[in-house]
Amino acid sequence: MINSVVKAARLLALFSPAEPRLTLSEISTRLGMPKSTAHHLLNTLLAVGFIEKVDGDSYALGAAIIALTQNVRVNVELRDRAAPLLRHLADSCHESVYLTTCDGDQVLYIYAIESSQRLLARTAVGDRAPLHCTAVGKAILAQLPPDRVAEIAERRGLPGFTATTRSDLAALAVDLEATRARGYAVDDQEHEPETYCLGAPIFDAQGAVIGACSISGSDPAIIAGRVRELAPKIMHTAQEISRRMGYVPATTALVNFTEM
Numbered sequence: 211m212i213n214s215v216v217k218a219a220r221l222l223a224l225f226s227p228a229e230p231r232l233t234l235s236e237i238s239t240r241l242g243m244p245k246s247t248a249h250h251l252l253n254t255l256l257a258v259g260f261i262e263k264v265d266g267d268s269y270a271l272g273a274a275i276i277a278l279t280q281n282v283r284v285n286v287e288l289r290d291r292a293a294p295l296l297r298h299l300a301d302s303c304h305e306s307v308y309l310t311t312c313d314g315d316q317v318l319y320i321y322a323i324e325s326s327q328r329l330l331a332r333t334a335v336g337d338r339a340p341l342h343c344t345a346v347g348k349a350i351l352a353q354l355p356p357d358r359v360a361e362i363a364e365r366r367g368l369p370g371f372t373a374t375t376r377s378d379l380a381a382l383a384v385d386l387e388a389t390r391a392r393g394y395a396v397d398d399q400e401h402e403p404e405t406y407c408l409g410a411p412i413f414d415a416q417g418a419v420i421g422a423c424s425i426s427g428s429d430p431a432i433i434a435g436r437v438r439e440l441a442p443k444i445m446h447t448a449q450e451i452s453r454r455m456g457y458v459p460a461t462t463a464l465v466n467f468t469e470m
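Residue numbers (my numbering): 211 to 470.
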């Protein structure tokens with residue numbers, strides 16, 4: 211365990227709604243460390259935005275740490291509101307079901323129900339995955355402006371995981387346009403071999419995409435023979451989760467099965 215990280219965590223834990231501001235002397239005394247050590251820790255946390263200086267000689271939690279706690283709150287709220295709907299979806303489709311949230315330039319899996327038909331779980335809660343080659347990721351990307359998609363591709367690249375991964379931005383853009391048109395994304399073994407997925411986006415009360423849910427399995431029928439059955443289910447589930455997160459859609463999308 212890294213001692214400096216432990217000290218920083220203990221320092222951050224000193225702040226509370228009852229005591230939102232503390233002086234250097236108070237921090238030093240409560241942590242039982244020299245003022246010089248406490249001051250060094252504070253300067254480090256100031257540099258990354260976890261702490262900010264207020265009223266001259268006092269310190270408070272900074273915007274960066276508040277944003278992190280807000281993200282955790284949203285993820286917990288999303289998971290709790292989505293869980294009953296995802297359990298119903300898993301029972302009705304007999305495939306694995308996943309819930310993800312946006313995590314920078316990746317997706318973070320925050321809830322999963324593994325199908326009994328899968329001998330080995332491919333994805334676990336807490337795992338992260340790329341945006342450009344997963345159904346949940348492409349469902350999210352399809353809701354972003356093209357320039358934002360290009361920025362993400364520039365930062366992260368479009369690495370090829372399988373022979374079907376869209377590793378070219380132009381090809382990915384075509385796929386995302388089709389995703390927007392039909393209302394759901396398709397993963398045809400693009401991230402993992404023998405894994406087929408359908409994904410749909412989830413929105414918050416402000417209309418911003420905050421995550422996606424998916425149906426996943428090893429049966430290619432998920433994206434072929436069963437798509438007329440499963441696509442409406444994943445879209446309806448995503449829409450209902452969005453509604454529970456406060457989203458009010460302007461229009462109701464129609465399912466289009468003419469293009470995969």
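All residues carry an ideal CB built from backbone N, CA and C; glycine is no exception.
Opening and closing residue of the beta strand (DSSP E) in which residue i lies
i    : result
T521 : There is no way to answer for residue 521, as the model of the chain reaches only from 211 to 470.
P227 : Premise fails: P227 is in no beta strand (DSSP E) and is neither H nor E.
D398 : A395 to D398
F413 : Y406 to F413
A339 : R338 to P340
Neighbourhood of residue i by C-beta distance below 7 Å, restricted to the same chain and skipping five residues each side
i    : result
L224 : L232, I237 and R240
I323 : L296, R297, A300, S306 and V307
R289 : L309, I320 and Y321
Q399 : T372, T374, T405 and Y406
L318 : T310, T311 and R338
R454 : R291
L440 : C303, L408, I425 and I432
V335 : Y319, I320, Y321 and A322
Nearest-angstrom beta carbon gap, residue j and residue i [assumed within contact, 8 Å]
i    : j    : result
T418 : P411 : Residue 418 is actually Ala in this sequence, not Thr. Incorrect: roughly 10 Å between the Cβ atoms, too far for contact.
Host alpha helix (DSSP H) of residue i (start-end)
i    : result
S325 : Per DSSP, S325 belongs to no alpha helix (DSSP H) and is neither H nor E.
L379 : L379 to R392
G347 : A345 to L351
S238 : L234 to L241
I275 : A273 to C303
A248 : K245 to A257
A363 : P356 to R366
R220 : N213 to A223
Reference residue i; option with closest CA among the options
i    : options                   : result
I444 : G456, R453, G336 and A395 : A395
D267 : A434, L234, E439 and H250 : L234
M243 : R220, P430 and P227       : R220
R436 : P294, H401 and C303       : C303
L256 : A334, L440, Y269 and V284 : Y269
L252 : T279, N285 and A218       : A218
A415 : G456, R392, I276 and P442 : G456
Q316 : D429, G409, I432 and R366 : R366
I420 : S325, A277 and N281       : N281
S325 : S428, E361 and D397       : S428
H249 : I275, S214, I276 and A228 : S214
Sequence-distant residues of its chain with Cβ nearer than 8 Å to residue i (five each side left out)
i    : result
L271 : L222, F225, P230, F260, I261 and E262
K245 : L234, S235 and S238
I212 : none
Residues near residue i in its chain [Cβ-Cβ closer than 6 Å; skip 5 each side]
i    : result
G314 : none
L386 : L351 and A352
L329 : Per-residue confidence for L329 stands at a pLDDT of 47, beneath the threshold of 50, marking its modelled position as unreliable; the derived number appears in the next sentence. If we look at L329 and ignore the five residues flanking it on each side, it has no Cβ neighbours.
S377 : L368 and G370
G409 : A345, V346, A349, A395, A422 and S424
A363 : L379
L382 : H342 and R376
For this session: Note down, one range per segment and in chain order, each alpha helix (DSSP H) of at least 4 residues found wholly within the region 424-468.
Result: 437-454
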